[in-house]
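Peer 1: Protein sequence lines, in the order shown, are assigned to chains L and G.
Counting from 1, position 153 in the first sequence corresponds to residue 153 in this note's numbering; the numbering is continuous, with no gaps.
Convert by adding 1000 to the 1-based position in the second sequence; the result is the number in this note's numbering.
We put the beta carbon where it would ideally sit given N, CA and C, even for glycine.
Fair warning: this is a prediction, and the values are worked out from it, not measured in the lab.
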Amino acid sequence: MTQTTPESPVRRQRAQIKVRTLRTDNWWLAPLLTFLGLSSFLVYGVWAIFDGSYYYAPSEYIAPFSSPCLATSCPEGARFLGLAPFGDWYTLPPGLLILGLPGGFRLTCYYYRKSYYRSFWLSPPACAVQEPHGKYSGETRFPLIIQNIHRYFFYAAIAIGLILAYDAVLALIHTPTGLGTWILILNAVLINLYTLSCHSCRHITAGRLNHFSRHPVRYKAWTFVSKLNAKHQPLAWASMFSVMGADFYVRLVAKGIVNFPFA
Amino acid sequence: MSYKAKFKVWRGEGGEGKLEDFTVEVNEGEVVLDIIHRLQATQAPDLAVRWNCKAGKCGSCSMEINGKPRLGCMTRMSTFEEDETITVTPMRTFPVIKDLVTDVSFNYQKAREIPSFTPPADVRPGEYRMKQVDVERSQEFRKCIECFMCNNVCHVIRDHEENKPAFAGPRFLMRIAELDMHPYDVAERKDSAQEQHGLGYCNITKCCTEVCPEHIKITDNALIPMKERVVDRKYDPLVWLGNKIFRRKS
Chain L
1 MTQTTPESPV
11 RRQRAQIKVR
21 TLRTDNWWLA
31 PLLTFLGLSS
41 FLVYGVWAIF
51 DGSYYYAPSE
61 YIAPFSSPCL
71 ATSCPEGARF
81 LGLAPFGDWY
91 TLPPGLLILG
101 LPGGFRLTCY
111 YYRKSYYRSF
121 WLSPPACAVQ
131 EPHGKYSGET
141 RFPLIIQNIH
151 RYFFYAAIAI
161 GLILAYDAVL
171 ALIHTPTGLG
181 TWILILNAVL
191 INLYTLSCHS
201 CRHITAGRLN
211 HFSRHPVRYK
221 AWTFVSKLNA
231 KHQPLAWASM
241 FSVMGADFYV
251 RLVAKGIVNF
261 PFA
Chain G
1001 MSYKAKFKVW
1011 RGEGGEGKLE
1021 DFTVEVNEGE
1031 VVLDIIHRLQ
1041 ATQAPDLAVR
1051 WNCKAGKCGS
1061 CSMEINGKPR
1071 LGCMTRMSTF
1081 EEDETITVTP
1091 MRTFPVIKDL
1101 VTDVSFNYQK
1111 AREIPSFTPP
1121 ADVRPGEYRM
1131 KQVDVERSQE
1141 FRKCIECFMC
1151 NNVCHVIRDH
1161 EENKPAFAGP
1171 RFLMRIAELD
1181 MHPYDVAERK
1191 DSAQEQHGLG
1201 YCNITKCCTE
1211 VCPEHIKITD
1221 NALIPMKERV
1231 VDRKYDPLVW
1241 LGNKIFRRKS
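(1) Would you call N259/L buried or exposed, if buried means 16 or more other Cβ atoms sit within 10 Å of its Cβ?
(2) Check distances from the C-beta atoms of the stretch 204-215 of chain L to those of chain G and list, in chain order, the residues that come in under 7 Å.
(3) For the alpha helix (DSSP H) containing R1112/G, list its first residue and its last residue.
(4) Could you have a look at S67/L and say whether DSSP puts it in helix, strand or coil?
(5) Mind pulling the alpha helix (DSSP H) runs of 4 or more residues that sit fully within the stretch 55-101 of chain L?
(6) Looking at the C-beta of K227/L, does it have a partner C-beta in chain G at a distance below 9 Å?
(7) Would L42/L be called buried (16 or more neighbouring beta carbons within 10 Å of its own) or exposed?
(8) Going straight from the alpha carbon of L122/L to that of P31/L, what length do you get?
(9) Tell me, please, whether the stretch 105-122 of chain L touches the stretch 143-162 of chain L by the rule of three or more beta-carbon pairs shorter than 8 Å.
(10) Who pairs with G1012/G in a beta bridge, going by DSSP?
(11) Which residue comes first and which comes last in the alpha helix (DSSP H) that contains I1176/G?
(12) Counting only Cβ pairs nearer than 8 Å, list the residues of chain L close to Y1003/G.
(13) Since L101/L contacts F153/L with CB under 8 Å, what's their CB separation in whole angstroms?
(14) Would you call the stretch 1106-1117 of chain G and the stretch 1031-1045 of chain G in contact, with 3 or more CB pairs under 8 Å?
(15) When you compare each of K255/L, A254/L, S73/L to D88/L by their alpha carbons, which one comes out closest?
(16) Name, going along the chain, the residues of the stretch 1068-1097 of chain G whose beta-carbon falls closer than 8 Å to a beta-carbon of chain L.
(17) Expressed to the nearest angstrom, what Euclidean distance is found between the alpha-carbon atoms of Y56/L and F1141/G?
(18) What would DSSP say about G245/L, mapped onto helix, strand or coil?
(19) Return the chain-ordered ranges of every alpha helix (DSSP H) run that is complete within the stretch 1211-1247 of chain G and spans a minimum of 4 residues.
(20) Thinking Y1201/G and T140/L are a contact (beta carbons under 8 Å), I'd like their distance in whole angstroms, please.
(21) Compare the C-alpha of Q16/L against each of E1214/G, A1193/G, T1102/G and name the closest.
(22) What residue does the alpha helix (DSSP H) around L22/L start on, and which one ends it?
(23) Please confirm if the stretch 124-137 of chain L is in contact with the stretch 59-77 of chain L, defined as three or more CB-CB distances below 8 Å between the two stretches.
(24) Let me see if you follow: with CB-CB separation under 9 Å, is G1242/G close to chain L or not?
(25) C1147/G and S1062/G - do their beta-carbons sit closer together than 9 Å?
(26) For P216/L, does the three-state DSSP call read helix, strand or coil?
(27) Output, in sequence order along the chain, the residues in the stretch 114-127 of chain L whose CB is closer than 7 Å to any CB in chain G.
(28) One question on the structure: do E1064/G and N1151/G come within less than 9 Å of each other, judged by their Cβ atoms?
(29) With a threshold of 9 Å between beta carbons, is D25/L in contact with chain G?
(30) In the DSSP assignment, what residue or residues form a beta bridge with S200/L?
(31) In angstroms, rounded to a whole number, what distance separates the CA positions of S200/L and G1015/G?
(32) Kindly indicate which three-state DSSP category I257/L falls into: helix, strand or coil?
(33) Kindly indicate which three-state DSSP category F1094/G falls into: helix, strand or coil?
(34) Does the beta-carbon of T177/L have 16 or more other beta-carbons within 10 angstroms, so that it is buried, or is it exposed?
(35) What residue range is occupied by the uninterrupted alpha helix (DSSP H) comprising V1186/G?
(36) Please work out which residues of its chain come closer than 6 Å, Cβ to Cβ, to S239/L, disregarding the five sequence neighbours upstream and downstream, and give them in chain order.
Now the structure itself:
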């Protein structure tokens, strides 16, 4: 290939169609909805970090955005396993300590990459719709080459998922009939399913192997994860809204706004 | 039931050209390629279109119908409204030879740049022994009919001609993944996928998967697994350390 610039002779030999796309369907709708969905998550996350009502002691509810609570400023019952490894010097909101891990997991997730490359960066906004950028280097260089650390966020997300499951079990023990308990359980299930359906998880279980027949247990695990992986997109959205919903519900209970019996 | 449909078809050579309007008869059960053939037979005898099997298996009649990459022979007219104007253009990533026929030699050049299947030196033809589970991942990729719509729709080269020398496109990154997953292939594929064939350009927006007429999960089953294998090789210090400690090859 000798052509190297957009104005090269070979580029001009393509069909010279001056419109960005000839698509006649509502191709803009999916990126718009994605933009709104992801933006709402970002806005809610920023608010939740700075909101102090994240723990409701009578029911042992802790908001997922603030769990595990590791700062000394956390109420004693809210501390994960009673620990507060960060001393008095740490005065910022406790959620800031841990949100980078699940946040990084979603930021580098292969599905979310697709969605925000399309809806925020318009690269491309939809298939066969011209992107507005003059140059493109993808994930070949800094900063996007950092996306390759996704598997380390996956390891952290496994731990976070287990902690959310632990929180849900604690709530179940203390308030088995509470609506919040079942919201936290549903959230923990969805978060863990989303984590297990991750492409890095699929690779680590056995995707990196070339001889499945020599590793039957890992092959079984890969088969299971592959089935989950096919649902990665719906699980990403379901778990995103469930974690927001569960977090918001706990805060409403902690603030006393929701105070009906079995809350 | 037949009706008269409105068509806009790209006519021209070497990139220069325009959309021409046609009104043409459509009969029940027909596909877009049938209509293009009727245009040839009745109104535009010099209209150029590449086709062969009319069964969605040869990959020849790739074109863009209402802006979407489609096979002309697999796009039913019944999917459009009768009063809808249907726009048919050539694939926009490749140079136009004439009308709907494009020069897809870019793809053949990229295919030649990939080293072929390389078995171990001590295994001779006839001695390969593989179980079905070991090869069925790669077999999905063998369904490819070489329509090149995935390469056509990929914005890396569709919107950026300058990336063509560095990027093989989803079709051939999938070929690399197929070979890298093969239990008997020993050629180095991971470094070259990243450094020579441009795997890092892929930002996994999945358009290749969306347009594949064979419904191959190109992104999920080929490109992302290949990206993960490249991470093993180039970016994961733990894997590197494990390989050193246990003296694994890759």
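Peer 2: On the basis of the supplied data:
(1) Translated into positions along the first sequence, residue 259/L becomes position 259. Result: exposed.
(2) Residues passing the 7 Å Cβ filter: G207, R208, N210, H211, F212, S213.
(3) By one-based count along the second sequence, residue 1112/G stands at place 112. Segment 1105-1112, the alpha helix (DSSP H) holding R1112/G.
(4) In the first sequence, residue 67/L corresponds to position 67, counting from 1. It is coil, neither helix nor strand.
(5) 95-98
(6) Locating residue 227/L in the first sequence gives position 227, counting from the first residue. No, because no Cβ of chain G sits closer than 9 Å to the Cβ of K227/L.
(7) Locating residue 42/L in the first sequence gives position 42, counting from the first residue. Its Cβ having fewer than 16 others within 10 Å, L42/L is exposed.
(8) Taking the first sequence and counting its residues from 1, one reaches residue 122/L at position 122. Taking the first sequence and counting its residues from 1, one reaches residue 31/L at position 31. Their backbone Cα atoms lie some 8 Å apart in a straight line.
(9) yes
(10) Here residue 1012/G is taken as the residue at index 12 of the second sequence, counted from 1. Its beta-bridge partners are G1017/G.
(11) In the second sequence, counting from the first residue as 1, residue 1176/G sits at position 176. Element bounds for I1176/G: 1170-1180.
(12) Residue numbering aside, residue 1003/G sits at position 3 when the second sequence is read from its first letter. Per Cβ cutoff of 8 Å: no residues; Y1003/G is ~19 Å from chain L at best.
(13) What you label residue 101/L is simply residue 101 of the first sequence in a count that begins at 1. What you label residue 153/L is simply residue 153 of the first sequence in a count that begins at 1. Contact flag correct, Cβ pair sits at about 7 Å.
(14) Taking 8 Å as the limit for Cβ pairs, the verdict is that the stretch 1031-1045 of chain G does not touch the stretch 1106-1117 of chain G.
(15) The residue you call residue 88/L lines up with position 88 of the first sequence. Ranking K255/L, A254/L, S73/L by Cα distance to D88/L puts S73/L first.
(16) Result list: K1068, P1069, E1084, T1087, T1089, P1090, R1092, T1093, F1094, P1095, V1096.
(17) For the purposes of this step, residue 56/L is taken as the residue at position 56 of the first sequence. For the purposes of this step, residue 1141/G is taken as the residue at position 141 of the second sequence. Looking at the two C-alpha atoms, the distance is approximately 53 Å.
(18) By 1-based counting over the first sequence, the position of residue 245/L is 245. Looking at G245/L - three-state DSSP - the assignment turns out to be helix.
(19) DSSP assignment within the stretch 1211-1247 of chain G yields the following whole alpha helix (DSSP H) runs of 4 residues or more, N-terminal first: 1224-1230, 1237-1246.
(20) Taking the first residue of the second sequence as position 1, residue 1201/G is located at position 201. Taking the first residue of the first sequence as position 1, residue 140/L is located at position 140. So it is a contact: roughly 6 Å between Cβ atoms.
(21) Position 16 of the first sequence holds residue 16/L. Selected option, being the one with the closest Cα: T1102/G.
(22) Counting from 1 along the first sequence, the entry for residue 22/L is found at position 22. Counting along the chain, L22/L falls outside any alpha helix (DSSP H), and DSSP gives it neither H nor E.
(23) no
(24) Reading the second sequence from its first residue, position 242 is the one you call residue 1242/G. No, because no Cβ of chain L sits closer than 9 Å to the Cβ of G1242/G.
(25) Mapped onto the second sequence, residue 1062/G falls at position 62. Mapped onto the second sequence, residue 1147/G falls at position 147. Their beta carbons are under 9 Å apart, which means S1062/G touches C1147/G by this criterion.
(26) Here residue 216/L refers to the residue found at position 216 when the first sequence is read from its first residue. Here P216/L sits in helix by DSSP.
(27) Of all residues in the stretch 114-127 of chain L, the ones placed with a Cβ closer than 7 Å to any Cβ belonging to chain G are K114, Y117, R118, S123, P124, C127, in chain order.
(28) Residue 1064/G sits at position 64 when you count from the first residue of the second sequence. Residue 1151/G sits at position 151 when you count from the first residue of the second sequence. Contact flag unset, no.
(29) Numbered from its first residue, the first sequence carries residue 25/L at position 25. For D25/L, the answer is yes, since a Cβ of chain G falls inside 9 Å of its Cβ.
(30) Position 200 of the first sequence holds residue 200/L. In the DSSP output, where bridge partners are listed per residue, S200/L has none listed.
(31) Stepping through the first sequence from its first residue, residue 200/L is reached at position 200. Stepping through the second sequence from its first residue, residue 1015/G is reached at position 15. Rounded to whole angstroms, the separation of the alpha carbons of G1015/G and S200/L is 43 Å.
(32) For this step, residue 257/L is matched to residue 257 along the first sequence. Note: I257/L maps to coil in three-state DSSP.
(33) The sequence position of residue 1094/G within the second sequence is 94, counting from 1. Of the three classes helix, strand and coil, the one that applies to F1094/G here is coil, per DSSP.
(34) Position 177 of the first sequence, counted from the first residue, corresponds to residue 177/L. Burial call: exposed.
(35) Working through the second sequence from its first residue, we reach residue 1186/G at position 186. It is not in any alpha helix (DSSP H) - V1186/G carries neither H nor E in the DSSP assignment.
(36) Here residue 239/L is taken as the residue at index 239 of the first sequence, counted from 1. Contacts found: L190, I191, Y194.
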